[in-house]
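For the sequence shown, position 358 matches number 363 in the numbering used here, and the numbering has no gaps at all.
Ideal Cβ placement from N, Cα and C applies to all residues, glycine included.
Report on one structure; see the data block that follows.
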Amino acid sequence: MVGIDQVLEKLSTVIDPDLKKDIVSMGMIKDLELNDGNLKFTLELTTPACPFNVEIEDDVRKAIGELTELKNFDMNVTAKVMEGRSLEADTGMASVKNIIGVASGKGGVGKSTVSLNLALALSESGAKVGLLDADIYGPSIPLMLGMKDGFMEVEDNKLQPADSNGLKVVSFGFFADQSNQAAIYRGPIISGILKQFLVDTNWADLDYLIVDLPPGTGDIPLTLAQTIPITGILVVTTPQDVASNVAVKAVSMFEKLNVPIIGVVENMSHFICPKCDEKHYIFGEGGAKKISEQFNMPFLGEIPLNSGIMAGSDLGKPIMITNPDSPSAVAFRKSAKNIAAQCSILAAKLQEEMASETSGEAPTPEANQNQN
Ligand SMILES: Nc1ncnc2c1ncn2[C@@H]1O[C@H](COP(=O)(O)OP(=O)(O)OP(=O)(O)O)[C@@H](O)[C@H]1O
Ligand SMILES: [Mg+2]
């Protein structure tokens with residue numbers, strides 16, 4: 006008769022392609038029961054948006070299938086997003102597992118468009134997602150969501166985010182009177198507003214909070230990097246950025262502040278011919294890949310240039326919602342999965358670091374298992 010040890014041995018042969026570790030030592034097997042040849046367990050994936058979820062599930066079925074003496078096998082598949090940020094020093098936002106700042110060197114590259122559609126793609130996968138429009142001077146998220154008249158209430162001294170398409174949304178644009186004033190606000194006031202949006206908002210439990218930043222390396226990106234621990238920064242570039250080198254400046258600033266870079270997404274990367282479906286790299290190919298190689302950071306996707314994206318943004322109808330099967334929506338979904346995977350990788354690294362700090366030793370697979 007098959008024993009628990011044999012089951013675990015088989016399951017240990019399944020490797021998470023992102024984390025490069027076996028699923029048993031990563032603590033992904035829960036509630037395992039083996040009674041008289043009947044096996045039952047839960048496979049807990051690290052994010053519902055993992056690009057390899059189907060592959061891991063298939064590998065598990067294959068591995069268990071090799072235990073020919075088993076009478077019955079029942080697997081429940083769930084996902085629990087890993088904490089990609091240290092919550093120890095973080096008093097106000099302990100229920101937010103990952104915070105992703107979306108930054109760029111220069112304006113108009115599509116940060117807000119990418120932030121919104123990525124947030125929607127992550128939410129679609131089943132994750133709990135918030136979107137913080139940190140562009141205090143020029144908030145654009147309310148318009149992009151068709152929420153020009155949206156507002157946020159205050160309850161128990163906490164801001165209540167607005168709800169839109171399953172996202173929890175906070176934007177200075179919801180303060181209609183004040184947002185016209187923002188242009189005259191100076192650095193400390195702007196930083197104060199962002200801090201309040203971060204820690205004085207009732208975000209509830211979130212798997213991912215996407216923070217849409219204004220361009221460049223000013224007060225707001227700096228405040229985000231210095232106020233609370235964040236999972237990392239997603240850099241948005243366009244093919245033209247490569248020549249002007251502006252993306253590089255933003256990356257350098259966050260690296261100096263020891264904020265991890267999650268990776269790069271290239272927006273307006275190419276044009277897909279509606280007649281022949283062929284990709285045309287109008288502004289040149291491979292620019293963002295080059296930057297990602299130069300800085301040793303992952304290349305996480307390319308979003309096509311598509312008039313439907315722009316028209317949808319202006320009308321408050323994001324393409325992920327209005328045209329979910331379009332090549333643009335598919336590209337956002339693919340990038341969102343890669344980003345979620347990178348967050349899991351950063352989370353696993355963080356767990357190892359914390360485990361080795363506690364034990365004073367180099368991290369081991371066992372240490373990882375105990376974390377879960
Ligand atoms: N892939 C795309 N295809 C077509 N249009 C796009 C695409 N991405 C963004 N746009 C359009 O480009 C313009 C700028 O995009 P967006 O506002 O998202 O940029 P941003 O980087 O947030 O700008 P800012 O620096 O001012 O905050 C918008 O009109 C948007 O609809
Ligand atoms: Mg913007």
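State buried or exposed for residue i, treating a residue as buried only when at least 16 other CB atoms are found within 10 Å of its CB.
i      : result
ASP21  : buried
LEU320 : exposed
LYS153 : exposed
ASP246 : buried
ASN375 : In this predicted model, ASN375 has a pLDDT of only 34, less than 50, meaning its place in the structure is not dependable enough to derive any value.
PHE202 : buried
THR83  : exposed
GLU371 : Low per-residue confidence applies at GLU371: pLDDT is 39, beneath 50, and the placement is therefore not dependable enough to give any value.
GLU160 : exposed
LYS76  : exposed
GLN231 : exposed
GLY309 : It is Pro, not Gly, that sits at residue 309 in the sequence shown. Classification of PRO309: buried, given that the 10 Å Cβ count is 16 or more.
TYR286 : exposed
LEU16  : buried
SER100 : exposed
PHE259 : buried
ILE189 : exposed
LYS102 : buried
THR363 : exposed
SER318 : buried
ARG191 : exposed
LYS261 : exposed
GLU14  : exposed
CYS281 : exposed
LYS254 : exposed
CYS278 : exposed
ASN209 : The sequence shown places Ala at residue 209, rather than the Asn named in the question. The residue in question, ALA209, is exposed, as its Cβ has fewer than 16 Cβ neighbours within 10 Å.
ASN122 : buried
PRO193 : exposed
SER257 : exposed
ASN405 : Nothing can be reported for residue 405, as the shown portion of the chain is limited to 6 through 377.
ALA346 : buried
LYS342 : buried
Distance, Cα to Cα, residue i vs residue j?
i      : j      : result
ALA379 : ALA139 : The question about residue 379 has no answer, for the chain in this structure spans 6 to 377.
LEU211 : LEU92  : 13 Å
MET325 : ALA126 : 7 Å
ALA252 : LYS111 : 7 Å
TYR213 : MET6   : 44 Å
PHE276 : THR47  : 43 Å
PRO303 : ILE267 : 7 Å
PHE288 : VAL175 : 34 Å
MET31  : LEU136 : 29 Å
PRO219 : PRO53  : 29 Å
THR369 : GLU357 : Here the model assigns THR369 a pLDDT of 49, short of 50, so the residue's position is not dependable and the matter cannot be decided.
LEU37  : ILE28  : 13 Å
ASP63  : LEU50  : 13 Å
ASN311 : SER109 : 20 Å
ASN373 : GLU283 : The predicted position of ASN373 is uncertain, since its pLDDT is 39 and thus under 50; a value taken from the coordinates is nonetheless stated next. Taking the straight line from one Cα to the other gives about 45 Å.
GLU307 : ARG66  : 33 Å
ASN377 : LEU355 : Only weak support exists for where ASN377 lies, its pLDDT of 30 falling under 50; the value from the coordinates is given anyway. Rounded to whole angstroms, ASN377 to LEU355 spans 13 Å at the Cα level.
GLU158 : MET359 : 38 Å
GLY151 : ILE141 : 18 Å
THR206 : ILE344 : 24 Å
ILE104 : GLN11  : 39 Å
THR327 : ILE9   : 49 Å
GLY223 : VAL204 : 20 Å
PRO244 : LEU172 : 30 Å
ALA132 : LEU39  : 31 Å
GLY313 : GLY292 : 24 Å
CYS55  : VAL19  : 15 Å
LYS322 : GLY155 : 15 Å
MET33  : MET87  : 11 Å
GLY221 : SER130 : 30 Å
I believe residue i touches residue j by the beta-carbon criterion, under 8 Å. Please report the beta-carbon distance rounded to the nearest angstrom.
i      : j      : result
VAL216 : THR242 : Rounded, the Cβ-Cβ distance is 18 Å, inconsistent with contact.
ILE146 : GLY178 : 7 Å
ILE238 : GLY106 : 5 Å
VAL119 : ASN272 : 6 Å
MET1   : SER128 : One cannot answer for residue 1 here, as it falls past the ends of the chain, which runs 6 to 377.
VAL114 : ALA124 : Actually they are not in contact, since the Cβ atoms of VAL114 and ALA124 sit about 17 Å apart, beyond 8 Å.
THR236 : GLY89  : 4 Å
Quick check on the contact list: which residues have their beta carbon closer than 7 Å to a heavy atom of ligand 1? SER109, GLY112, GLY113, VAL114, GLY115, LYS116, SER117, THR118, VAL119, ASP140, GLY143, SER145, ASP217, PRO219, PRO220, VAL241, ASN272, MET273, ILE308, PRO309, LEU310, ASN311, SER312, ILE314, MET315, SER318, ASP319, SER333
Does the stretch 8-27 come within contact of the stretch 331-351, defined as at least 3 CB pairs closer than 8 Å? yes
Between the stretch 323-343 and the stretch 33-51, can you find at least three pairs of beta-carbon atoms closer than 8 Å? no
Sufficient close CB pairs (3 or more, under 8 Å) joining the stretch 65-74 to the stretch 191-210: no
Would you check if there are 3 or more beta carbon pairs closer than 8 Å linking the stretch 295-303 to the stretch 313-333? no
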